[in-house]
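J.: Pasting in a structure now, in structure tokens, and then I'll have a few things to ask.
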Amino acid sequence: MANPAIEPLVANAWYLAAWSAELPDFEPGRQPIARTIMNQPLVLFRDAAGTAAALEDRCCHRAAPLHLGQVVNEGLQCGYHGMTFGADGACTVNPGEDPAGHAVRSFPTVERQRMVWIWPGDPARADPSEIVDYPWHDLAEEWPFRYERFELDCNFMLVMDALMDQTHLGYVHAKTIGGTPEFHNAAGQITTRTENGVRIVRHVLDHPPPPTFTKGMAFTGNIDRIAEFDYVAPASVRQFTTAMDVDRGAVENPDQPGTFRFRLFHHATPATDTRCHYFWSVANGYRQDDPQAAQDLYDDIYPTFLEDKVVLEAQQQSILRDPDRPLRLRDHDTGVSGAHRALAAFVRRAKGKRPAPAIAAE
Ligand SMILES: [Fe+2]
204 MANPAIEPLV ANAWYLAAWS AELPDFEPGR QPIARTIMNQ PLVLFRDAAG
254 TAAALEDRCC HRAAPLHLGQ VVNEGLQCGY HGMTFGADGA CTVNPGEDPA
304 GHAVRSFPTV ERQRMVWIWP GDPARADPSE IVDYPWHDLA EEWPFRYERF
354 ELDCNFMLVM DALMDQTHLG YVHAKTIGGT PEFHNAAGQI TTRTENGVRI
404 VRHVLDHPPP PTFTKGMAFT GNIDRIAEFD YVAPASVRQF TTAMDVDRGA
454 VENPDQPGTF RFRLFHHATP ATDTRCHYFW SVANGYRQDD PQAAQDLYDD
504 IYPTFLEDKV VLEAQQQSIL RDPDRPLRLR DHDTGVSGAH RALAAFVRRA
554 KGKRPAPAIA AE
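Each residue of the sequence shown is one higher than the one before, counting from 204 in our numbering.
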């Protein structure tokens, strides 16, 4: 079995290719986006009908990268000789010659919930119902959000691992969302297997609020923090975090209006084996009428994830130097272990093999 920190890439899966807002409304002359996903250089654009499209970044004529071209009414025009391709990859314009029979590879794309998803694998198996659901992006009044994309020099699964392992917060993120290590190490954690992943729920109780939390809400003393991380194979984590004063019954009822609540969507799209696009959005569920609150939360989370970037990229280099040594602890890494088991089951299904027998939750 491959080392869990350099998980092989799975082509038959939906990956986040871009935030919808990265592909603005159609306008002739716009530049497309170049982005490598699953070792495949792609070009992303929005056509005249408003459809988000993904094509291989290579013209079928002389192999010029299509990202050097521009969007026109008929599709994406190569910057070399003007051959133009529609969202389905078919050549629509071939200046001076017949366009029929010419095409570039296109990839199934689906746009929903402010995200553009791509299926790099066998197009016949692309089922949009398998895209991870994140309805909060469509509830922007209740959950106003900001979004970002980082490029990280690490395998996509190291990002998932960091999210499913929350004991690093007290060390890596002391200045923002962390708090002291002893509270995280003493936290209760419930790990449960889900249909296509694993969920951890953490109870970090009766501890002083960390800096990001006190910026968001005026607490009177110590807080209880409940954090849920829902890994959905292969590459998504849905996070819900809430914090409140210790006498408000956080464990029994974590989702209360008027508490410090935020949601994060995380997705790590493989670029190569050891490089990924880390997409994240952060939504404020506590001062929804205050645009500055969402911005302040984003401004605090951004350096937090840069802190992760430093560790994850260095960790990847360390692992590559000696990839066969074990990487997990018995208790703190039940979320990480569960995520890798869920990914292995996903890979078996993606390859068309029978799923493994059910694994009991830890
Ligand atoms: Fe982190």
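Even glycine gets a Cβ: it sits at the ideal position worked out from N, Cα and C.
#1: So, with DSSP's three-state summary, where would you put M420?
#2: What are the boundary residues of the beta strand (DSSP E) that P473 is part of?
#3: Please list, in chain order, all residues of the same chain as E230 whose beta carbon is under 8 angstroms from its beta carbon, the five residues on each side excluded.
#4: Less than 7 angstroms between the CB of H264 and some heavy atom of ligand 1, yes or no?
#5: How long is the line joining the alpha carbons of N215 and Q243, rounded to whole angstroms?
#6: So which residues put a beta carbon under 6 angstroms from any heavy atom of ligand 1, going in chain order?
#7: How close, in whole Å, do the beta carbons of F386 and H410 come, if the pair is a contact with beta carbons under 8 angstroms?
#8: For A497, collect the residues of the same chain with a Cβ closer than 7 angstroms to its Cβ; drop the 5 residues on either side in sequence, then sort them by chain order.
#9: On the three-state DSSP scale, how would you describe A353?
#10: In chain order, what residues of the same chain have a beta carbon less than 7 angstroms from the beta carbon of T500, not counting five sequence neighbours either side?
#11: From this set, Y489, A517, T417, which residue's C-alpha is nearest I380's C-alpha?
#12: Decide if E210 is buried, meaning its Cβ has at least 16 other Cβ atoms within 10 Å, or exposed.
#13: Could you check whether A436 and L279 sit closer than 8 angstroms to each other, using their CB atoms as the reference points?
#14: Short of 6 angstroms in beta carbon distance, which residues of its chain neighbour C263, apart from the five on each side in sequence? Order them along the chain.
#15: Going by beta-carbon coordinates alone, are Y218 and P298 separated by less than 8 angstroms?
#16: Using DSSP's beta-bridge definition, name the partner residues of Y283.
#17: When the Cα atoms are used, what is the spatial distance from L183 to A446?
#18: Classify N276: buried if its beta carbon has 16 or more other beta carbons within 10 angstroms, exposed otherwise.
#19: Between V296, D291, G292, which has its C-alpha nearest G285's C-alpha?
#20: Where does A547 sit, in a helix, a strand or coil, going by DSSP?
#21: What whole-angstrom Cβ distance do F288 and L245 have, given they're in contact under 8 angstroms?
#22: Count the other CB atoms within 10 Å of the CB of D511; is the residue buried (16 or more) or exposed (fewer)?
#23: Rounded C-beta distance between S439 and H470? I'm assuming under 8 angstroms.
#24: Apply the 10 Å Cβ neighbour rule to A303 and answer buried if 16 or more other Cβ atoms are within range, or exposed otherwise.
#25: Give me the Cα-Cα distance between A553 and T472, rounded to the nearest whole angstrom.
#26: Would L247 pass as a contact of R238 if the rule is Cβ separation under 8 angstroms?
#27: Take the Cβ of M204 as the centre, count every other Cβ of all protein chains shown within 10 Å, and call the residue buried at 16 or more, exposed below.
#28: Report buried or exposed for R441, applying the criterion of at least 16 other Cβ atoms within 10 angstroms of its Cβ.
#29: Determine the DSSP secondary structure at T239, reduced to helix, strand or coil.
#30: For Y374, count neighbouring Cβ atoms within 10 angstroms of its own Cβ and tell me buried if that reaches 16, exposed if not.
#31: Mapping the DSSP letters down to three states, classify N388 as helix, strand or coil.
#32: CB-CB under 8 angstroms to E565, same chain, minus the five flanking residues each way: which ones, in chain order?
#33: Candidates D341, N399, A389, Y434: which alpha carbon is nearest L361's?
#34: Between which two residues does the beta strand (DSSP E) harbouring Y337 extend?
#35: Please classify A254: does DSSP put it in a helix, a strand, or coil?
#36: Need the endpoints of the beta strand (DSSP E) that E210 sits in, please.
T.: Looking at the atomic coordinates:
#1: coil
#2: Boundaries of the beta strand (DSSP E) harbouring P473: 463 to 475, taken from the DSSP string.
#3: Cβ contact annotation for E230 (same chain, cutoff 8 angstroms, sequence separation greater than five): V274, in chain order.
#4: no
#5: 14 angstroms
#6: Those residues, listed in chain order, are A365, H371, V375, H376, D511.
#7: 4 angstroms
#8: P347, F348, R349, N487
#9: For the sequence presented, residue 353 should be read as Phe rather than Ala. Residue state for F353 is assigned as strand, using DSSP reduced to three classes.
#10: Note on identity: in this sequence residue 500 is Leu, with Thr being the wrong assignment. Correct list, in chain order: G419, F465, V485, N487.
#11: T417
#12: buried
#13: No.
#14: The residues are H305, V307.
#15: no
#16: In DSSP, Y283 forms no bridge with anything.
#17: One cannot answer for residue 183 here, as it falls past the ends of the chain, which runs 204 to 565.
#18: exposed
#19: V296
#20: In the structure shown, A547 sits in a helix (DSSP, three-state: H, G or I).
#21: Not quite, the Cβ-Cβ distance comes to about 13 angstroms (not below 8 angstroms), so this is no contact.
#22: D511 is classed as buried because its beta carbon has at least 16 other beta carbons within 10 Å across all chains shown.
#23: Between H470 and S439 the Cβ distance is about 5 angstroms, and since that is below 8 angstroms, they are a contact.
#24: With a threshold of 16 other beta carbon atoms within 10 Å, A303 falls short and is exposed.
#25: 16 angstroms
#26: yes
#27: Because M204 carries a pLDDT of 40, less than 50, the predicted location of this residue cannot be relied on, and the following value inherits that uncertainty. Exposed, by the Cβ-count rule.
#28: buried
#29: strand
#30: Y374 is exposed by the Cβ-count criterion.
#31: helix
#32: With a pLDDT of only 44 at E565, under 50, the local geometry of the prediction cannot be trusted, and the value read off the model is given with reservation. So the qualifying residues of the chain are T394, T537, S540, G541.
#33: Y434
#34: That residue, Y337, is in no beta strand (DSSP E); it is neither H nor E in DSSP.
#35: In the sequence as displayed, the identity of residue 254 is Thr instead of Ala. Coil at T254, not helix or strand.
#36: Careful: E210 lies outside any beta strand (DSSP E) and carries neither H nor E.
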